[in-house]
Structure formats: structure tokens, C-alpha cells
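Structure record follows, encoded as C-alpha cells.
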Amino acid sequence: MTKLTVFWLALTKILSVKSLPAGEINKGPDGLIERAITLSTNLQPTTSYSSAIESLQSASMTISPSLTGSIFTELPSGGFTQDPLEGPGATQASRSLRPNETPLSPGPIVPIGPASANIFQPIATGGPAPSILPVGGHAVKKQYIVDGNVPIQTNKFYANFFLGSQGFPVWTHPYSLAWAKGVGNSYGMAISHIERDKFTFGGPSPDNPQYFIAPLGIHHIVLTADELGKDTYLSVEDLKAFSVYVNLATSEVSRVVMSIPCVQGMGLITAIYDRAKPVLNTGVFFRTLDYVQAINGATHKYRIQLNDGSKWLLYVTPTTSLGIPPFTLVDSSRIAGPADFVGMIQVTKNPAEAEGEEAFDSSAGAYAINATISGSTGGSSGHYSLSWAKGGVQSQNLLMYALPHHVESFDEETKQSLRDNIKLVTTTKGFATAVIADNITMIEDDLPDTIGFAPWAKAANGAGGGSENINLSPGALALVDQAGMFELSQDMDKQTRLNSMYYSGKGLAKFAAIIYTLNNITGNSQYAAAGLDRLKDAFNVFVNNTQPEPLLYDTVWKGIVSGATYKPPYDTGLDFGNTLYNDHHFHYGYFVWTAAVIGHLDPGWLDQGSNKAWVNTLVRDFANPVDDAYYPLSRSFDWFHGHSWAKGLFESGDGKDQESTSEDTFATYALKMWGKVVGDPNMEARGNIQLAVQARSIRNYFLMTSDNQNQPPQFLHNKATGILFENKIDHTTYFGAKMEYIQGIHMIPLNPSSAYTRPKQFVQEEWDSYFSNDRAERVEGGWKAILYANLALINPQRSYDFFSDPDFNTEMDGGASRTWYLAYSAAMAGIGSVNAEDENVTFGPNIEPESEGEDEWPIDLDWPTAAQELDDWSDHLNWPTNSESKVQQNDAVEKTESPDVSWALQDKEGAVETHARHWDWEDEGTELDDMEGRSSDEEWYYEPDCEDEEAETWEASEEYYNAAEVWKV
């Protein structure tokens with residue numbers, strides 16, 4: 026080849042190379058260091074290489090490498106040990122509730138209009154709701170980040186690069202990357218890929234592991250430079266939802282000598298060098314280095330074999346030189362390249378011999394920079410696409426790795442790009458498969474578009490879709506109605522105005538479900554209206570930001586956080602780490618769903634004050650569909666993994682994690698319903714697609730049936746994973762290791778989408794493994810109710826029997842109600858599954874009226890207040906015999922005769938029942954007169970005297986007055 030030909034080849038190569046990061050340091054107008062991301066394409070060749078070794082190079086070892094690595098069996102910081110059921114507001118203090126005269130008029134829940142061609146459209150463009158004030162000085166200092174004053178992703182895969190010691194890995198899958206920081210006397214980027222035979226399985230026995238974990242610190246190849254030493258400074262920039270640039274400089278104030286674009290699923294790890302001497306190190310030891318040939322007119326190819334037998338490919342694409350870049354195998358731990366190198370170096374593990382090389386050759390020289398997401402829906406089908414921006418040689422296609430749930434849903438065009446012979450195991454997501462494409466598209470053809478607020482079941486014939494038009498029998502309706510009226514008499518303010526967004530949200534959602542049930546299922550709209558008034562007052566506390574720990578807009582990381590950590594003792598663990606962006610989708614999802622219920626039942630509420638703006642502020646914090654000036658794109662949900670990550674700004678040796686798939690999916694369901702209620706078809710469509718992706722991802726990785734193909738076979742017996750990290754799975758929770766905790770945290774809250782996201786096969790296997798044969802009966806506390814509520818997905822009759830039991834213990838999760846559990850289980854059981862004629866179900870003991878010499882028992886008792894005269898009060902007693910209730914049938918309402926149903930009030934401990942019997946009116950009028958003027962209907966509550974079943978002590982709230990009146994019954 027003549028020198029002229031070589032020159033023109035080099036020039037063509039240079040002009041085809043695009044977007045090479047690294048470069049000179051520039052000071053921006055704000056004083057921050059800015060690094061150029063592009064390298065000029067008019068560079069001329071400055072070097073001609075002629076000393077490359079083109080024959081096989083080999084190295085001998087004088088010592089054996091350590092291939093054990095290290096593991097962390099303890100749970101990391103950032104997960105907090107408080108039981109999610111033991112909230113501060115889980116009391117049963119009561120306040121009297123009287124029905125409103127005007128029933129509710131719910132708004133339509135049909136689509137307002139079609140969604141956009143791309144459903145990822147802005148929700149709003151302005152700042153937070155006016156009641157949420159800005160604050161600086163976050164507990165976690167923003168450091169090592171080059172980006173200016175922009176929203177920063179807090180829950181993404183690369184956070185270990187800018188948190189704490191910067192010493193823990195990040196996982197792009199199937200690879201992990203870690204800053205070597207002096208390990209092996211190297212300061213570059215360490216690349217690891219761990220095969221399953223290196224995983225550690227721990228627990229009771231090898232056949233019964235509690236956890237599995239990939240070891241850390243096994244550095245297969247380290248990309249570094251001779252210039253990098255102990256003063257090396259690692260910074261990150263361009264932090265996006267799917268990618269980040271990592272820059273390595275010789276010191277904090279020196280220029281960057283190499284940059285690594287880190288992108289989820291990247292098939293080749295790329296380092297871009299700027300006038301540095303490339304070096305490859307290894308902790309596994311090099312066995313051979315073999316130059317192969319030049320490919321694509323720009324890139325040179327080497328083969329590397331490591332001492333563990335694994336085979337890797339090295340691709341070198343220079344931009345200012347001619348000839349073969351010389352790389353020399355110096356010894357078993359070092360390969361050295363040429364000095365003053367400008368260009369890129371790429372490495373990849375090749376699991377497929379010659380066929381694999383062909384695929385990797387077709388991609389060498391190109392690399393992914395970042396990704397964008399788009400999607401659309403039509404009816405019950407939708408699709409979403411990931412498209413990667415490309416750097417390097419533009420004529421080459423990208424080679425990326427797809428996870429099993431991607432491959433399972435590829436469209437036909439993307440399927441043609443698959444390379445099934447190239448698979449690498451990931452740590453916790455099964456085997457990743459290579460795909461040669463600059464974009465991939467996934468189809469979801471069973472969207473949950475028919476799921477609304479009512480109980481919903483999948484189509485019985487196994488086809489797609491489902492229905493929420495499920496009837497309740499008259500007996501079930503009567504019991505649900507009574508439960509709802511009783512539970513709505515609980516003091517809503519005491520259960521929702523808490524110092525925790527999580528527990529407050531759960532309390533609000535509990536009452537929202539009760540109110541919806543009374544209005545839309547039992548037809549008791551006047552009581553529902555009264556309850557809704559209270560719910561709106563309770564919700565307004567948060568819209569006005571007057572709760573004990575107000576929300577703030579964090580101007581450092583850019584998001585909505587609890588103010589709890591901003592005051593002494595500055596505890597970052599308060600409210601499960603909310604201030605550090607832990608669990609935002611869990612916390613705020615409950616508020617979004619509650620708002621959707623309120624807006625459905627009272628559409629006018631949406632336009633009052635800043636209600637809608639406040640809810641949208643929460644949505645944008647954890648589920649923003651775009652990057653904007655105030656919030657990052659999709660903080661919580663990871664569109665590559667198909668589920669959310671709960672961990673925020675906490676350094677973690679095993680990466681991000683999540684322990685509740687059910688609260689993850691509930692947050693998405695809340696988005697879907699909020700979008701429906703406010704008339705945002707794009708939000709509703711995003712919710713539908715996201716919920717479909719979650720159902721697929723959770724089925725593949727979290728909820729493990731016996732035929733699961735992705736997780737290690739010896740781990741499948743655990744059923745629910747427990748906590749899934751990026752590097753390990755641990756069958757436990759942060760708050761305890763009881764089986765009801767581990768399995769149950771993936772059940773709450775039971776909602777209409779549960780039947781969509783929790784497959785029946787899994788629920789049955791889980792029940793058989795842990796809770797059958799009366800084992801559930803031995804579970805204590807509110808977790809028992811959670812287990813039996815979940816049972817409604819496969820055995821609704823037994824679930825209903827549990828909640829309708831006369832001796833039912835009312836101890837439940839602060840986000841759960843007997844009302845909803847009864848309605849849900851009865852609905853799932855189907856039409857007429859409960860024999861109303863045979864039912865005599867009570868909240869207290871099953872006592873027949875005849876046993877006390879009475880003909881009838883009063884239920885639905887409005888207790889007297891100062892505003893009522895005794896004669897008027899007696900008119901408010903409703904009697905069960907021949908009373909009318911409403912039955913929902915195919916959206917029509919018909920009147921049917923209710924059965925006799927006894928009713929008994931229980932105290933908050935569920936220990937003593939008090940029963941309304943024949944009243945002795947002696948002296949009661951005097952007592953009422955004494956109370957005249959001291960309280961309105963809404964200003965007092967009662968607590969029963971647990972020591973005397975023949976008397977009830979009514980204690981007025983001390984907030985209004987101090988008095989104690991004994992009513993003999």
C-alpha cells in the first residue's frame with residue numbers, strides 16, 4: 026500500500042469518526058469546569074506507527090491470580106428497618122359521621138382524546154406548586170459532577186461514581202465497571218464480567234440459599250493510562266436516564282486524559298483517549314495478545330485471552346495516526362500502547378468464538394452515547410422504543426445487549442437484529458442477548474386499559490384483557506356497606522396528618538378506597554359524600570404544605586423532598602430516607618392515587634386552588650416524562666430494567682435495589698388513573714405501557730414461578746425475590762426476615778392492578794410454599810390480613826370468609842381497610858358467590874336478637890350530638906329488616922332486599938364489642954342539655970370503655986373540651 030493510499034484511508038477514517046469526548050478544560054460563565062464533548066474532525070495525521078508486533082504474544086505467570094473477589098452479605102445503608110405496617114397513625118380513634126344530603130356525581134372515566142404519536146410529552150413546564158418552597162444545602166453534597174445547575178438523576182445505575190468513596194461498581198449489564206483507585210497499582214476503569222459459577226450462594230444449605238451474589242473486585246480488564254496516578258480525579262457529566270460520561274484526569278485541576286461513555290446494555294466498553302499512553306491491566310492475568318487485522322478502514326483488532334480461559338477482543342481506533350497502533354504484552358498484568366494516543370479503545374468479552382467475532386467486528390469503532398425513549402398506544406396494544414445516539418465510526422451499527430424481558434417482547438424488525446449465539450449472564454436479570462441495532466422496539470399487546478377503580482380480573486379464557494364489571498351479592502353489599510360506614514367514622518386526621526409522607530399517603534389511600542367503595546359499589550353515596558368532605562380536608566393539609574414535615578424543593582439535586590432531614594438531628598433516615606430520594610414512587614404514588622379518586626368523585630375539585638398543580642408536582646418528581654428545568658426524566662422507573670429502583674443518594678456496594686414490586690406497580694397504576702381523571706391521555710397511556718412493562722419484568726425477575734428461566738434454579742424456591750439489587754438478590758427485607766414480611770411486601774397494597782401484575786400461578790405456588798395448611802393463621806398482626814387479601818387473587822371465597830368472620834381481628838395495615846378487602850374478595854368471587862339468605866355476619870359476636878329479648882337490632886347508628894334533640898335522634902336509627910341496598914350489575918343499579926345483619930362496634934384494639942340494644946332514656950336528656958353548645962357534629966369522637974360491656978364511655982376530644990359522659994345501654 027502506497028503512502029498516499031494510507032493517507033487517504035486515514036483521512037476518510039477521521040472524517041467518519043464523530044463525537045469523541047475529552048479535550049481541553051474550559052471555564053464556563055458560571056465558573057464550572059466544562060469539558061469539550063466533541064473532538065474536531067479536521068485533525069491531520071501526526072503519527073505513523075511501524076513497530077507493531079503482529080505475531081502472537083504470550084506471558085508467563087510467576088504467581089496465581091486471586092479470583093475470589095469480595096462480597097457484602099450485610100444489607101447496605103439506605104434501607105430502613107421500620108415495619109411498613111407500623112405507622113404512627115394506625116389508630117382507630119373515631120369521630121361521628123353523618124351522611125350528606127346531596128349524593129356524589131362522579132365524573133366520566135373515559136378517554137378525553139387520543140394520545141400523542143409519542144406519549145412522552147411534558148406534563149407541565151413551570152416550577153413546583155406554590156406551597157412547596159425551595160431550599161439549598163442538601164445533606165448529600167453534590168460533588169464530582171461536571172454538569173451545571175441542572176436536575177440530576179439520583180436513582181440511576183451510575184450513582185456510585187459520584188457518591189461516597191467512589192469505590193463501588195456500577196452495573197451496565199452484562200458488565201460492571203469500577204474505578205480501580207490504586208488496586209493493582211492501576212487508576213483506570215476496571216471492567217468485570219462474572220459467570221454464574223463464581224456466584225456465592227448463602228443460606229441454610231446449598232440447595233436452599235437465602236441469597237446469591239456476584240463477587241466484587243475481580244477486574245478482568247482495566248482500561249487506564251500511564252499518566253494516571255494517585256492524584257487521579259474521577260468526574261461525571263451528562264447524567265441522563267440511561268447513560269453517563271465518566272472522565273479521568275491526572276488531578277482535579279488537570280485536563281481529562283480519558284473518558285468512558287457508560288450506557289446501559291453497551292456491548293463494547295469504550296475509552297476515548299486524548300494525548301495519553303493507553304494501558305490495559307488485569308487482575309485475572311493476561312495469557313496471550315494477538316494482533317488480527319484492520320477492519321472497517323478505521324479500526325484495528327486484537328485478541329486477548331485471560332488466564333481464566335475467557336476470550337476478549339480489543340479494538341483500537343486512532344484518529345491522528347497511521348499504521349497499526351502498537352500494543353505490547355509487557356507481562357501477565359500489563360499491555361502497553363503508544364504514547365500520545367488520540368482515539369478510542371474498546372474491549373468486549375466474546376462468548377461465541379468466530380461467529381461472535383463477526384458480530385463484534387460489525388460494531389467495532391462505534392459506541393452508544395446515550396438513549397432516548399419514545400412510545401405510542403392504540404387500544405389494548407402499545408410499543409416503546411429505545412434509540413441510542415452513536416459516536417465513533419458512523420457506518421458501523423451498534424451492538425447492544427438486551428435483557429430477557431426485552432427479547433420476549435421485541436417487534437419483528439428488532440427480532441431480525443438478534444444474535445442468539447451471543448449471550449452473557451447478568452448478575453440478577455438472567456442472560457443478556459446481543460442485538461445489532463441503533464434502536465430496539467418492544468411491543469406490549471395486552472395493555473391494562475380496562476382497569477379502573479373497581480376490582481378487576483383477567484379474562485377467564487386466558488385471552489388478553491379483563492373486566493371490572495363484577496357483581497356483589499346483596500349479603501356482601503350489606504356487609505361492605507356497614508364496614509365502610511364504621512371505618513369512615515375513624516378519625517381521618519389522626520391517621521393522615523403524620524410526620525411521614527409514606528404513612529400519611531397510605532392513610533389517605535385507605536380512606537379513598539373506602540369512599541369509592543361506598544359510592545360506586547354499595548351505592549351509599551350520601552355517606553361517601555360525607556367521607557369525601559373529610560378526605561378533601563385531610564388532603565388539603567398536604568396541598569397547603571402544613572403537615573408536620575412539609576415538603577421542599579431541593580435546589581441542589583432538583584426534586585421534591587421531605588423537610589425532616591433539614592433540621593436537627595439531620596437524620597438522613599427519617600421517613601425511609603425520603604430527603605435523599607429513597608422510595609419517592611412508593612410515597613408519592615399513594616397521594617397521586619388518592620387525588621385520582623377525589624377528582625373522579627368530585628371533578629370540580631381538580632380546578633380548585635392548586636390541587637392539580639400540587640399532584641402534578643409529585644408526578645414530575647418521580648415520573649417526569651421528559652428532562653426539564655426542574656426534574657429529571659423518570660427518576661424512579663428504569664425503562665431499561667422494566668421496574669423502579671427505590672434507593673436514592675446512598676452509596677451501595679451492590680448497586681441500586683428495590684424490595685416492593687407491588688408498591689412500584691401501584692405508583693404506576695396511580696399515574697394511569699390520575700391521567701385518566703385529569704384528561705391527560707399521554708399520562709394514561711404511559712401508565713398503561715409502564716404497567717405492562719412492569720408486569721413482564723416482575724414476572725421474569727422478581728416473582729419466581731417454578732418454570733422461571735432467568736434466576737438460578739436453586740433460588741426459585743424462594744418465590745418472591747425479597748430485595749433485588751443490581752449485584753445480588755437477598756430473600757429478606759430491610760425490616761425483618763419473617764416470611765410474611767418478605768412475601769407480603771410484594772403484595773401491598775391490594776388494588777385493581779394486582780390481578781394484572783401478580784400471576785395466578787405465582788400466587789398459588791407462593792401460598793402453597795409458605796402459607797397453606799393453616800400456616801397463614803399463625804401469622805400475627807396486620808400481615809395476616811395482607812396474606813388473606815392477596816389470597817383473593819386465587820381463592821376469593823376463602824378470602825371473603827376470612828374478612829367476614831364475626832371474630833375478625835381489625836388489626837390491619839394503616840393503608841388497608843376491611844371495607845375494600847371485603848368488596849374486593851366478594852367481587853373476585855363473582856356474582857352470587859355469597860349466599861345472602863344464609864349470611865348473618867357481624868363485626869362483633871354473632872348474637873341473635875331473640876337472645877336478648879329484642880325483635881330487631883339497630884345498625885347504622887348516628888350517635889347524638891348537641892345539635893340534635895333526642896326525639897330527632899331516634900329518627901336516625903336505621904333498621905336492618907327490609908332495608909334497601911343497591912346492587913351493581915353491568916353499570917345498572919337495582920334495589921334489592923337486604924338480609925338481617927347484626928352490627929357491633931369494636932374498640933381500636935378489637936378486644937371488646939359494644940352492641941346497640943334497647944335504650945334507657947332516663948337522664949339522657951339532661952346529659953345532652955349539658956353538652957349543648959360545646960361541640961358541633963364534626964368536633965368530637967368517642968372511645969368505648971373496654972372494661973364495661975354494659976356501658977360506653979364517650980370521651981370528647983381534648984382539642985375542643987374536656988368532658989366524659991357515660992351512656993348506659
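Last residue of the sequence shown? That's 994 in the working numbering, and every number before it is there in order.
We put the beta carbon where it would ideally sit given N, CA and C, even for glycine.
Item                                                                                                                                                                                 : Value
Who are the near neighbours of valine 651 in its chain, counting only those whose CB is closer than 8 Å to its CB and skipping five residues on each side?                           : Phe145, Gln146, Pro147 and Leu658
Would you please state the rounded distance, in angstroms, between the beta carbons of glutamine 371 and tyrosine 327? I believe it to be under 8 Å.                                 : About 11 Å; that fails the 8 Å criterion.
Where does glycine 704 sit, in a helix, a strand or coil, going by DSSP?                                                                                                             : coil
To the nearest angstrom, how far is the alpha carbon of isoleucine 360 from that of serine 442?                                                                                      : 34 Å
In chain order, what residues of the same chain have a beta carbon less than 6 Å from the beta carbon of serine 357, not counting five sequence neighbours either side?              : Ala84, Met86, Phe310 and Phe311
Quick one: what's got a C-beta closer than 6 Å to alanine 296's C-beta in the same chain, skipping five residues either side?                                                        : Leu248, Met283, Ile285 and Ile370
Across the segment 811-824 and the segment 778-793, are there enough close Cβ pairs to call them in contact, namely three or more that are closer than 8 Å?                          : yes
For lysine 592, which of Thr580, Trp582, Lys583 and Pro575 has the nearest alpha-carbon?                                                                                             : Pro575
In the DSSP assignment, find the beta strand (DSSP E) that holds alanine 810 and state where it starts and stops.                                                                    : Here alanine 810 belongs to no beta strand (DSSP E); instead the alpha helix (DSSP H) covers 807-816.
Work out the CA separation of proline 821 and asparagine 422 for me, nearest whole Å.                                                                                                : 52 Å
Please report the straight-line C-alpha distance between glycine 769 and arginine 300, rounded to a whole angstrom.                                                                  : 56 Å
Quick check on proline 429: does DSSP put it in helix, strand or coil?                                                                                                               : helix
Please report the Cβ distance between leucine 716 and threonine 690, rounded to the nearest whole angstrom; I am assuming they are in contact, meaning their Cβ atoms lie under 8 Å. : 6 Å
Is it buried or exposed, asparagine 798, if we count other Cβ atoms within 10 angstroms and call 16 or more buried?                                                                  : exposed
Can you give me the C-alpha to C-alpha distance between phenylalanine 567 and methionine 291, rounded to a whole angstrom?                                                           : 43 Å
Can you tell me which residues form a DSSP beta bridge with arginine 444?                                                                                                            : Ala459
Classify serine 687 as helix, strand or coil using the three-state DSSP reduction.                                                                                                   : helix
At the level of alpha carbons, what is the spacing between leucine 504 and leucine 557?                                                                                              : 20 Å
Helix, strand or coil for glycine 203 per DSSP?                                                                                                                                      : Position check: residue 203 holds alanine in this sequence, whereas glycine was assumed. Reduced to three states, the DSSP call for alanine 203 is strand.
Threonine 844 and alanine 508 - do their beta-carbons sit closer together than 7 Å?                                                                                                  : yes
Return the CA-CA distance between glycine 680 and valine 432, expressed in angstroms with no decimal places.                                                                         : 24 Å
Taking only the alpha-carbon atoms, compute the straight-line gap between proline 706 and leucine 472 and give it to the nearest angstrom.                                           : 14 Å
Could you tell me whether the segment 619-637 touches the segment 374-384, using the rule of 3 or more Cβ pairs below 8 Å?                                                           : no
Between the Cα of tryptophan 808 and the Cα atoms of His163, Lys763 and Asn725, which residue gives the shortest distance?                                                           : Lys763
Excluding the five sequence neighbours on either side, which residues of its own chain have a C-beta within less than 6 Å of the C-beta of glycine 381, listed in chain order?       : Asn375 and Ile447
Count the other CB atoms, across all protein chains shown, that sit within 10 Å of the CB of lysine 166; report buried if there are 16 or more and exposed otherwise.                : exposed
Does tryptophan 337 come out as helix, strand or coil in the three-state DSSP assignment?                                                                                            : strand
Taking the straight line between their C-alpha atoms, what separation do you get for tryptophan 792 and proline 737?                                                                 : 21 Å
Within 8 Å, do at least three Cβ pairs link the segment 514-532 to the segment 603-617?                                                                                              : yes
Below 6 Å CB to CB, which residues in the same chain sit around alanine 203 once its five sequence neighbours on both sides are set aside?                                           : Pro194 and Ala215
Within the same chain, show all residues whose beta-carbon is closer than 6 Å to that of leucine 122, passing over the 5 residues directly before and after it, in chain order.      : Leu513, Ser514 and Ala555
What residue range is occupied by the uninterrupted alpha helix (DSSP H) comprising valine 644?                                                                                      : 636-648
Starting from the Cα of leucine 497, find the closest Cα among Asp506, Gly490 and Gly491 and give me that residue.                                                                   : Asp506
Measure the CB-CB distance between alanine 393 and valine 281 and report whether it falls below 7 Å.                                                                                 : no
Excluding the 5 residues preceding and the 5 following asparagine 180 in the sequence, name in chain order all residues of the same chain whose CB lies nearer than 7 Å to its CB.   : Tyr606, Arg660, Ser661, Trp670, Lys672, Gly673 and Lys681
Can you name the residues that DSSP bridges to histidine 325?                                                                                                                        : Ala319 and Val341
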